[in-house]
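Enquirer: Respectively, the protein sequence lines represent chains A and B. Start counting the first sequence at 1; every next residue gets the next number (my numbering). Start counting the second sequence at 1001; every next residue gets the next number (my numbering).
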Amino acid sequence: MIALSARGLSKTYVMGEIKIDALRAVDLDLYEGELVVLLGPSGSGKSTLLNILGGLDVPTAGTVTFRGADIIGSSEAALTGYRRDHVGFVFQFYNLIPSLTARENVALVTEISRDPFSPEDALGLVGLEARLDHFPAQLSGGEQQRVAIARAIAKRPDILLCDEPTGALDSETGLLVLEALERVNKELHTTTAVITHNAIIADMADRTFHFADGRIARTVINDHKRAAREMSW
Amino acid sequence: MVIKVSPLGRKLLRDLWRLKMQVLAIALVIASGVALLIMALTSGEALRETTNAYYERYGFADVFASVKRAPERLMEKISRIPGVKRAESRIVHIVTVDISHFAEPATARVVSLPSSGVASLNNIALRKGRRPKRERVDEAVIGERFAVAHQLEIGDRILVLLNGRQRPVFIVGVALAPEFIYVIAPGGIMPDDQRFGVIWMNRDALAGAFDMEEAFNDVSISLTRGTDAEPVIDKLDALLERYGTVGAFARDRQISNRFVQNEIDQAATMAVVLPAIFMAVAAFLTNMIMTRLIATEREEIGLFKAFGYSNASIAWHYVKMVLAIAVLGIAAGFGLGSWLGQFMLQMYGENFQFPFLIYRPSPQSFAIAALVSVAATLLGSMTAVRAAVILPPAEAMRPPAPPTYHRSWFSKTKMANAVDAPTRMIFRRLARWPVSAALSMFGIALSLSVLLLALQWDDAINEMVDDFFFRSHHQDATISLFAAAPARVLHDISALPGVMSVEGQRIVAARIGHAHVVRRQAIVGVTGEATLVPVHDVSRGAIAIPREGVVISSTLADVLGVSYGDAVKLEILEGRRPTGEIRVVDIIETYIDTPIYMHLDALSRVMRESRQMNTVHVRIDATRRHLFLAALKETPRLSAVSFRKAGVQMFRDTVEKNIMVFIGFYTIFSCLLAFGVIYNTLRIALSERGRELATLRVLGFSRAEVSYILLGESGVLVLVALPVGIICGILLSGYIAEQFSTELFRVPLLIKDATAGIAAIGVVLTVSLCALIVRRRLDQLDLIEVLKTRE
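1. Where does Q92 (chain A) sit, in a helix, a strand or coil, going by DSSP?
2. Anyone know if the C-beta pair for S10 (chain A) and L30 (chain A) falls short of 9 Å?
3. For a quick check, are the C-beta atoms of F1701 (chain B) and P1422 (chain B) less than 9 Å apart?
4. For M1425 (chain B), which residues in chain A fall below 9 Å Cβ to Cβ?
5. Which one of B:V1063, B:A1495, B:P1723, B:V1148 has the shortest CA to CA distance from T1227 (chain B)?
6. So, is the C-beta of H1317 (chain B) closer than 9 Å to a C-beta in chain A?
7. Which residue or residues does DSSP assign as beta-bridge partners of T1503 (chain B)?
8. Pull out every residue of the region 132-160 of chain A whose Cβ sits closer than 7 Å to any Cβ of chain B, in chain order.
9. So, D158 (chain A) versus F66 (chain A), is the Cβ gap smaller than 9 Å?
10. Which word fits W1200 (chain B), buried or exposed, when buried means at least 16 other C-beta atoms lie within 10 angstroms of its C-beta?
11. Does the beta carbon of N51 (chain A) come closer than 9 Å to any beta carbon on chain B?
12. Note down, in chain order, each residue of its chain lying with its Cβ closer than 7 Å to the Cβ of L128 (chain A), except the 5 sequence neighbours on either side.
13. R1429 (chain B) touches chain A at which residues, Cβ-Cβ below 9 Å?
14. With H, G and I counted as helix, E and B as strand and the rest as coil, what does DSSP make of G1247 (chain B)?
15. Am I right that A1185 (chain B) and I1124 (chain B) are in contact with their C-beta atoms under 8 Å? What's the rounded C-beta distance?
16. Compute the Euclidean distance between the alpha carbons of E1791 (chain B) and F1334 (chain B), then round it to the nearest angstrom.
17. Can you grab the Cα-Cα spacing for the pair F1410 (chain B) / V1648 (chain B), in whole Å?
18. So, with DSSP's three-state summary, where would you put R67 (chain A)?
19. Listing by chain order, which chain B residues have their CB less than 9 Å from the CB of R84 (chain A)?
20. Taking the alpha carbon of E1088 (chain B) as the reference point, which residue from B:A1215, B:V1183, B:E1049, B:M1607 has its own alpha carbon closest?
21. I want to see whether chain A comes within less than 9 Å of E1791 (chain B), judged by CB atoms only; does it?
22. If the cut is a Cβ gap below 8 Å, which residues of chain B does D170 (chain A) touch?
23. Compute the distance between the beta-carbons of L1378 (chain B) and L1323 (chain B), then report whether it is under 9 Å.
24. Verify the CB distance criterion: does L80 (chain A) have a CB-CB separation below 9 Å to chain B?
25. Can you list the beta strand (DSSP E) stretches of 3 or more residues lying completely in the region 1180-1216 of chain B, in chain order?
26. Using the C-alpha atoms, what's the distance from A1487 (chain B) back to G1504 (chain B)?
27. Taking only the alpha-carbon atoms, compute the straight-line gap between D1192 (chain B) and M1650 (chain B) and give it to the nearest angstrom.
28. Could you have a look at I1099 (chain B) and say whether DSSP puts it in helix, strand or coil?
29. Go to Y1058 (chain B), then tell me how far its beta strand (DSSP E) extends in each direction, as first and last residue.
30. In this structure, how does DSSP classify G1525 (chain B) when only helix, strand and coil are distinguished?
31. Is the beta carbon of I71 (chain A) closer than 9 Å to that of G62 (chain A)?
32. According to DSSP, is S1553 (chain B) part of a helix, a strand, or is it coil?
33. What is the DSSP secondary structure of V1538 (chain B), reduced to helix, strand or coil?
34. Would you check if the distance between the CB atom of L1121 (chain B) and the CB atom of L1240 (chain B) is smaller than 9 Å?
35. Note down, in chain order, all residues in the region 49-74 of chain A with a beta-carbon under 7 Å from any beta-carbon belonging to chain B.
36. Sorted by chain position, which residues of the same chain lie with C-beta nearer than 7 Å to P1114 (chain B)'s C-beta, five sequence neighbours on each side aside?
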């Protein structure tokens, strides 16, 4: 089953007299429950694609279909609804709200969702049962990122989009975060897309898309998925 | 010419441009403070200079006295009192004037001019025409406002009732005089140019009419430089005592001068309080914007330091930014302030009567305003600039440690669980930075209090009018008699057409003293059954006059330092001039004047005379008013008539015209204040929380939900600021009322609920306007950018 489908996606940024083609006619399907990794150098178009898939940005050309409905050209309110109900985001710099505890950061999302986990259960899934009432400033980077993952999955999203989730972390902490993502994908069957610079992470993916110059240069299907705990870098 | 701008200089200009709205909002607050300060300083200065020049040029006397009748030869003795530079005698009387086309009899103070030559004291400033010719007894110069009010021209004829005989008098000139800058009828509370004016006639004419050949009833004295007036007054009183003086007094008790000096003092008060509020807020806003700017430029500061820029040059860079904001505000304030100063002076010109107005603002006023603004903004930015200076370069390049929050006891309670996360964010932030939240709240509260101060003036004036003209006075007209008459005069007056009821009073000039303080104040003798004009207290209403003792106003009691039950020294300045001690049996609150009341019978006993009256209050049948007025014009024994309705009208016209202008100004200024505070609070909150709010938008929060978090914080501040602002407004209004209160007027502190409501709505509207502007920026948040950057 295809969860999210993109056809002919192009994105051109005009900066003064220079035109930058961030995406050039990309076609992509994400199947339900799969975990994909988007690999590629900076400026190759990974983040632009992810932002468009997540309803944060609109393409210059092309379509994105979510469960058969076109999300491009939707109103601002409809895009907000799409993000609210179907998409979970995890960012490189966590983007937690410093004035809210771990539990409250998750509650921020569960309060506006239709059928969420309780914040406690979501934090339990990422192994933070003991840190419920800590503020972000009292948590390590890895713990903060796991709170961010808990916040993203608490609403039971259909798609989880992660932009460099381990980019700001050392390898040991990074693996803990990946384990959390792996568990969510496995147990909740959430379609997950992870952007990374780190080629090793591709070992845990069902499929890997290699980006270059705004195009998907090649797609690798991984027949021998490795568990996150088996990886190291 | 090419102006070379250093990189830092260019950065400064770009920062100013980037922050233009915030800079403008602060500059406007500074401009308001500067304008208010310059307005008060320059208009007060101009009024003082104008008055001094006028006094100097036209010989305004230093000491004044009036008597019943004294022989002219006494003047030689008066001239010989040590310290007296010049002494001049005059004949002065209150007369009734009949002007065709004006139904009511008008009243005028007729003042003698030397039959030959020109007076060197209290000289007139001729505006039109000429002085009366030497031998003419039917020529007069009249006061300018009186002439304008009745459209009287040179050559017109008026009928003046001189000592009971009506005489035709021809107008030959129109003039002003330094002793009549503020023209007010005896016992009146406001100038009324139609009903009271000044007339100058030849001394011979008045001497003949009032039987004053070789005699005088009024003396003016100028003193040699550096002479104290008090000893001269004592000696003068001693000389005049047997001629029926009611006591000499110096300039400071001269009624017209008192009003002018009060106005000058009030300008000085206004130069302190309100500009101080604006400057304090400007300091706070500068602090807010500079703290934020320096926090966001942390890495740049580190970079500059790494490049080798000195601490001093970095400090100077930010100080220049502060100075730029201050200079912007000062420049605008200078322009607005000079305009307001001239406007104020023009208003003085309308309320007071000057032959010329001097507006020569000294550079000093502008220097003071500029200095105060620069000092306020520098002081405000000091902590922020210091933070930039002490920041070690290596640390500056690292992002600041994230703020630590703590759970309050409240967030662990059951009730807190009912609060959603966005609301929790609002309260956590407020609790995390309580000082800046409190300052913002206080800034909003102050703008509300300034607005309330402006708006409550109308309430206060209305209360004064209500109390004085409606609650304490119920007569239609008040007739003053030339001389006290036996009580049967009431029958004569009640026989006049249209009169429905009458009530008599005996008003005598007196001095009242306690310890070393002595005040001249007329005593009003009232009958026990007075209902038209009873003794009246602002809160207790009509009071039955006790049969013994005196009832005095609380203001006079404060001046004398007496309280209930104390004995005061009383010196009656009329009749047999009895003196004695009398007990204070009641103290009453009044808004206007400092009256003293006695029971008419007690007063008569003190005066050692039978029951006499010299003031009669009447109620008139409105349908027969014209008959009453016509009859009055023919009645010889009365010296003045005043009408309550005309008084109310006059009071409203004069006061409300001025008040409305002020309410307008202050409303604008207070809205600028609110705008400055709220706009900067919101913009800085937006800058500090842009990333957080964009994150929430990514997580699926709608624009409205995100706005709630940002604007909700200001909403909470406003909610707290409203009651605080109203309390501050009451305190501020009370302080200003106290500063403005004189022995003549005390502005009551009265704020109607509706007025407080309107002020609150004004502030809420200003806040909403800011919120709308900021909301538009919030809608343009770049959602992608924030995900890429680390704060």
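Note that the Cβ used here is the ideal one computed from N, Cα and C, for glycine as well.
Expert: Checking against the coordinates, here is how it stands:
1. In this structure, Q92 (chain A) counts as coil in the three-state DSSP scheme.
2. 9 Å or more divides the Cβ of S10 (chain A) from the Cβ of L30 (chain A).
3. Result yes, Cβ atoms of F1701 (chain B) and P1422 (chain B) sit closer than 9 Å.
4. The answer, in chain order, is I97, S99, L100, E104, L108.
5. Closest by alpha carbon: B:V1063.
6. At a cut-off of 9 Å between beta-carbon atoms, H1317 (chain B) makes no contact with chain A.
7. Position check: residue 1503 (chain B) holds Glu in this sequence, whereas Thr was assumed. Note: E1503 (chain B) sits in a beta bridge opposite B:H1617.
8. Residues of the region 132-160 of chain A with a C-beta less than 7 Å from any C-beta of chain B: D133, F135, P136, A137, listed in chain order.
9. Between D158 (chain A) and F66 (chain A), the C-beta gap is smaller than 9 Å, which places the two residues in contact.
10. When all chains shown are included, W1200 (chain B) counts as buried.
11. Under the Cβ distance rule, N51 (chain A) counts among the residues neighbouring chain B, one pair being separated by less than 9 Å.
12. Around L128 (chain A): A102, E143, R146, V147, A150.
13. The contacting residues are S99.
14. The answer is coil: DSSP assigns G1247 (chain B) none of H, G, I, E or B.
15. About 19 Å separates the two Cβ atoms, so there is no contact after all.
16. At E1791 (chain B) the pLDDT is 49, less than 50, meaning the model places this residue with poor confidence and gives no usable figure here.
17. Cα to Cα, F1410 (chain B) sits roughly 58 Å from V1648 (chain B).
18. It is coil, neither helix nor strand.
19. Chain order gives the chain B residues near R84 (chain A) as L1699, G1700, F1701, S1702, where near means a beta carbon separation below 9 Å.
20. For E1088 (chain B), the nearest C-alpha among the options comes from B:A1215.
21. Because E1791 (chain B) sits at a pLDDT of 49, beneath the cut-off of 50, its placement in the model cannot be relied upon, and the point is left open.
22. Simply none; closest approach about 16 Å.
23. The answer is yes: Cβ separation under 9 Å.
24. A small fix is needed here, since residue 80 (chain A) is Thr in this sequence, not Leu. Residue contact check for T80 (chain A) against chain B: a CB pair falls below 9 Å.
25. Segments of the beta strand (DSSP E) lying fully in the region 1180-1216 of chain B: 1196-1202.
26. It is roughly 8 Å from the alpha-carbon of G1504 (chain B) to the alpha-carbon of A1487 (chain B).
27. If you take the alpha carbons of D1192 (chain B) and M1650 (chain B), they lie about 6 Å apart.
28. The DSSP-derived three-state label of I1099 (chain B) is coil.
29. Element bounds for Y1058 (chain B): not the beta strand (DSSP E) but the alpha helix (DSSP H), 1020-1058.
30. Strand, per DSSP.
31. Annotated as distal: G62 (chain A) and I71 (chain A), with beta-carbon spacing of 9 Å or more.
32. Collapsing the DSSP output to three states places S1553 (chain B) in a strand.
33. DSSP, reduced to helix, strand and coil, places V1538 (chain B) outside both helices and strands of the structure shown, so it counts as coil.
34. Between L1121 (chain B) and L1240 (chain B), the CB-CB gap reaches or exceeds 9 Å.
35. Taking 7 Å as the Cβ-Cβ cut-off, the region 49-74 of chain A approaches chain B at N51, L56, D57, given in chain order.
36. Beyond the five residues adjoining it in sequence on each side, P1114 (chain B) comes within less than 7 Å, by CB distance, of R1203 in the same chain, given in chain order.
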